[in-house]
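Engineer: Take this structure first; my questions come after.
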Amino acid sequence: MTTLRLFLVGLGARSRVWRQVIAAEPRARLVGVVDADPDRAAAVGAELGLPYATDLALLTARVDADAVILVTPPSGRAPQIKAACAARLAILAEKPLADSVPEAASFVAMADAAGISLMVGLNFRYLAVTQALKTLFADDRLGPPAFGLFAYERWRDGRQPHINRYPLTMQHPMLWEQSIHHFDLMRYVYGAEPLRISARTWNPPWSMYAHDANVAALITFANGVEVTYQGTWAANRNSLDFKWRTDCARGIAVQADMFGDLSFALRDDPAPTPVTLARHEPWISDATGLFEAFLAHVSDGAPLQCSGADHLQSLRMVEAVSVASAKSQTITLNTPPAAEPGCHRLQIDQVQPERRNKG
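The sequence shown begins at 434 in our numbering and counts up by one.
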């Protein structure tokens, strides 16, 4: 059995999860770490007994590896992607791949030209509840999904030491850092691409974020599913409230917790039926599932999941929301074929005045 040799780039809060996941996997091992902060790079390198550097290109020049995990902010990733492509390292990058669709598309094209795999860390796909929900729709007991309500309400204190701080100053932090997960889950579970999006983003007066921490959207998918979405990092209660309800032809499915609590009911059922889920450790089990999919692809030749090209479709949703809010218009997404990952088009519909019945 060949051991996959890994570089870990970015040694902030999220890297602790990856260090735990990699340490538990006998088919992989860290061979070097990178962080822009020289003191942190040196400290973690010394702790793990590994080579370290402040730049990925410096490390690839003196240490051999097979793949790299990028646990860095989405802005400023170009040097890391270029260094990985030059060293022919398979890439697993935390979401979002970049902080703009054109730059993300350029990274996808760069990896494709270098002949290397680029996977994006959409770890919520690997939650047991996500897999169960997707199966629930696939077995058709509820009938085709028709409309949904997706609500995520959280007081995210961005000043806490155990979470990433860069969202405090980024543009559209909720949208690019959190809603991207939710949009990807909708695409994945409903098995359809978005067609139209109307949206509004804003920042409440008490928000600690420099830009909009609230997102509201109405999303129409190609299979006819309509989703009303609300997400916030500035809910004025220190809790995380989550609800994803989908109404189908014969009943409903409800996920009442971000990591579990799934149930379903047919129209005339007196009570919902809970769905039994596999035991799950938040953040660890889903990252493990993601990493196992990456290993299966790189080491065993399994199909690439969560590809950069696929991720572009979710990023287009993010961009459409920001444009729809800025222009107060409905955005039509003209999705390019998968063979053209560098393409990116948005079309703005004309806004029609609402017609009201007289009387």
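Using N, Cα and C, we set each Cβ at its ideal position, and we do this for glycine too.
Tell me, please, which residues DSSP counts as bridged to F580.
Structural biologist: DSSP output for F580 lists E659, D680 as bridge partner(s).
Engineer: Counting pairs of beta carbons, one from the segment 574-586 and one from the segment 677-687, are three or more of them closer than 8 Å?
Structural biologist: Yes: at least three Cβ pairs fall under 8 Å.
Engineer: With a cut-off of 8 Å on the beta carbons, I'd call P484 and R495 a contact; round off their distance for me.
Structural biologist: Confirmed, about 7 Å.
Engineer: Classify T721: buried if its beta carbon has 16 or more other beta carbons within 10 angstroms, exposed otherwise.
Structural biologist: Buried, by the Cβ-count rule.
Engineer: Cutting at 7 Å between CB atoms, please list the residues of its own chain near L566, excluding the five before and the five after it.
Structural biologist: The residues are V622, A686, Q688, L695.
Engineer: Would you report the Cα separation of M750 and R438, rounded to the nearest angstrom?
Structural biologist: Each residue's alpha carbon lies about 34 Å from the other.
Engineer: Going straight from the alpha carbon of A479 to that of N597, what length do you get?
Structural biologist: Straight-line Cα distance between these residues: approximately 23 Å.
Engineer: Work out the CA separation of D572 and L560 for me, nearest whole Å.
Structural biologist: Cα to Cα, the separation comes out at about 19 Å.
Engineer: What residues in its chain sit with their C-beta under 6 Å from that of A735, if we drop five residues either side in the sequence?
Structural biologist: The residues are A729.
Engineer: Quick one: give me the first and last residue of the beta strand (DSSP E) that T653 is part of.
Structural biologist: 647-654 is the extent of the beta strand (DSSP E) around T653.
Engineer: Suppose only complete runs of 4+ residues qualify. What are the alpha helix (DSSP H) ranges in the segment 550-635, listed by chain order?
Structural biologist: If we require 4 residues or more, the alpha helix (DSSP H) runs fully inside the segment 550-635 come out as 561-571, 613-623.
Engineer: Within a Cβ cutoff of 6 Å, which residues of the same chain sit near V450, ignoring the five residues on either side of it in sequence?
Structural biologist: The answer, listed in chain order, is W716, A720.
Engineer: E610: buried (16+ other C-beta within 10 angstroms of its C-beta) or exposed?
Structural biologist: Flag for E610 reads buried.
Engineer: Spatial neighbours of R447 within its chain, please: CB distance less than 8 Å, with the 5 preceding and 5 following residues excluded, ordered by chain position.
Structural biologist: Excluding sequence neighbours, R447 sits near V504, E527, N597.
Engineer: In the DSSP assignment, what are the bridge partners of E527?
Structural biologist: Per DSSP, G554.
Engineer: For T634, count neighbouring Cβ atoms within 10 angstroms of its own Cβ and tell me buried if that reaches 16, exposed if not.
Structural biologist: Per the 10 Å Cβ criterion, buried.
Engineer: Three or more beta-carbon pairs under 8 Å between the segment 543-552 and the segment 700-717, yes or no?
Structural biologist: No: the two stretches stay apart, fewer than three of their Cβ pairs being nearer than 8 Å.
Engineer: What does the Cβ neighbour count give for T706, buried or exposed, with the cut at 16 atoms within 10 Å?
Structural biologist: The residue is exposed, with fewer than 16 neighbouring Cβ atoms inside 10 Å.
Engineer: When burial is assigned at 16 or more other CB atoms within 10 Å of the CB, is S747 buried or exposed?
Structural biologist: S747 comes out buried.
Engineer: Looking at the secondary structure, which residues open and close the alpha helix (DSSP H) in which L728 lies?
Structural biologist: 717-733 is the span of the alpha helix (DSSP H), which, as asked, contains L728.
Engineer: What residues in its chain sit with their C-beta under 6 Å from that of G443, if we drop five residues either side in the sequence?
Structural biologist: If we look at G443 and ignore the five residues flanking it on each side, its Cβ neighbours are V504, T505.
Engineer: Which one of D488, A520, I613 has the shortest CA to CA distance from A650?
Structural biologist: The residue with the shortest Cα to Cα distance from A650 is I613.
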